[in-house]
Amino acid sequence: SVGWYILRKKSNFRQYRNLGIILLIVWLLFFTGTTTEVIKEKDPDWLNNYITAREHILKDEYTRETTYYDYSNPEVQSIINTITSNADSQEQAVEMALEYVYSNIKYIRNEPDDFCFNRKASDIIQYGTGQCDTQSTVLIAILRGVGIAARPVGGCLVEKDECRLQFALIQAFEGIGVDTRQPMITAAEIKDNEYSRGRRRGGLHLWVDYWDPTEEWITLETTAGKIANTNCWEYIVEVYPGDDDRQQFCVSINKQFANECYGR
1 SVGWYILRKK
11 SNFRQYRNLG
21 IILLIVWLLF
31 FTGTTTEVIK
41 EKDPDWLNNY
51 ITAREHILKD
61 EYTRETTYYD
71 YSNPEVQSII
81 NTITSNADSQ
91 EQAVEMALEY
101 VYSNIKYIRN
111 EPDDFCFNRK
121 ASDIIQYGTG
131 QCDTQSTVLI
141 AILRGVGIAA
151 RPVGGCLVEK
161 DECRLQFALI
171 QAFEGIGVDT
181 RQPMITAAEI
191 KDNEYSRGRR
201 RGGLHLWVDY
211 WDPTEEWITL
221 ETTAGKIANT
231 NCWEYIVEVY
241 PGDDDRQQFC
251 VSINKQFANE
261 CYGR
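Reading the sequence shown from the start, the letters are residues 1 to 264 in the UniProt record's numbering.
The structure is reproduced here in structure tokens:
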């Protein structure tokens, strides 16, 4: 009948409209504010080539094993061996290391500072939980064990205004339980009522840089398990903690920087 035909047409229109909305959301979330992936040919000798290039520029400064980056530990070595056996490039090795940390070190908010000060990479792997600093400890240990130069960076993470719509959509998706794999910022610690836990533009954060022979240092976001989206997030550097400087690695001691980061 004519009525049924019109109703069916309206139903089809709603389906196409809803599909269009879904496609628009997916495009906004995942195809804007991101970099274009370059497909490279497989290189069976990629690791030796990388190490040669790295040693020429950096020596062994960012691949040293330390008390906290204990990559000789058998459990850490098992992860490293899996990566080196399966990766076809340094980029893939980095992605595999990020994925391991994201999938196996569950992010928890407001982790006690003692965990950061006292736990080395193998301990964190055993416990299976962490936040930006402890997750980064594991990532650095794995990358250094592979032979890839990696360093910690402490600073402030800020949302960029040009991605406001994306962030609104991301919040909506997270509200219904969708994992959007966005950076996580632990709420500020309250001391003498200095900080609040309200909505902030920025948050204190720790992340990892890894050295690429062609692009130099590239930012990695351990809490999201991927290369940082610097088109939508601004990573403002405060400090490059030394290998044994757990004070600057685990906490921010610069109150002025912290207040500016939190917009106070």
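Here a beta-carbon is modelled for each residue, glycine too, at the ideal position from N, C-alpha and C.
Any idea what DSSP makes of residue i, helix, strand or coil?
| i | result |
| --- | --- |
| V153 | strand |
| G130 | strand |
| D212 | strand |
| Y102 | helix |
| Y50 | helix |
| F257 | helix |
With DSSP as the reference, please indicate the residues paired to residue i in a beta bridge.
| i | result |
| --- | --- |
| H205 | G155 |
| E221 | K226 |
| E238 | DSSP lists no partner for E238. |
| Y107 | G130 |
In whole angstroms, what is the alpha-carbon distance linking residue i and residue j?
| i | j | result |
| --- | --- | --- |
| I218 | I227 | 8 angstroms |
| residue 320 | E75 | Past the edges of the chain, shown from 1 to 264, lies residue 320, and the structure says nothing about it. |
| N110 | Q92 | 31 angstroms |
| T214 | S85 | 24 angstroms |
| K255 | L204 | 11 angstroms |
| L47 | S89 | 7 angstroms |
| I79 | V94 | 12 angstroms |
| N118 | S252 | 17 angstroms |
| F173 | Q166 | 11 angstroms |
| C232 | Q182 | 11 angstroms |
| R200 | C163 | Bear in mind that a pLDDT of 39 at R200, under 50, signals an unreliable position, so the number given afterwards is only what the model happens to contain. Approximately 16 angstroms between the Cα atoms of the pair. |
| Y262 | D43 | 44 angstroms |
| D114 | G145 | 25 angstroms |
| C116 | L139 | 14 angstroms |
| residue 265 | R246 | Examination of residue 265 is not possible in this model, given that the chain is present from 1 through 264 alone. |
| G147 | I51 | 7 angstroms |
| N101 | N73 | Strictly speaking, residue 101 in this sequence is Val, with Asn absent from that position. So the alpha carbons of these two residues sit roughly 16 angstroms apart. |
In or out: residue i buried (at least 16 other Cβ within 10 Å) or exposed?
| i | result |
| --- | --- |
| I176 | exposed |
| L143 | buried |
| V178 | exposed |
| Y71 | buried |
| G130 | buried |
| A258 | buried |
| P152 | buried |
| D45 | exposed |
| E221 | buried |
| Y69 | buried |
| T137 | buried |
| K120 | buried |
| I57 | exposed |
(request) Answer yes if the region 147-166 comes into contact with the region 233-248, meaning at least three C-beta pairs across the two stretches below 8 angstroms, and no otherwise. (result) yes
(message) Does the contact criterion of 3 or more C-beta pairs under 8 angstroms hold for the region 51-66 versus the region 157-173?
(response) no
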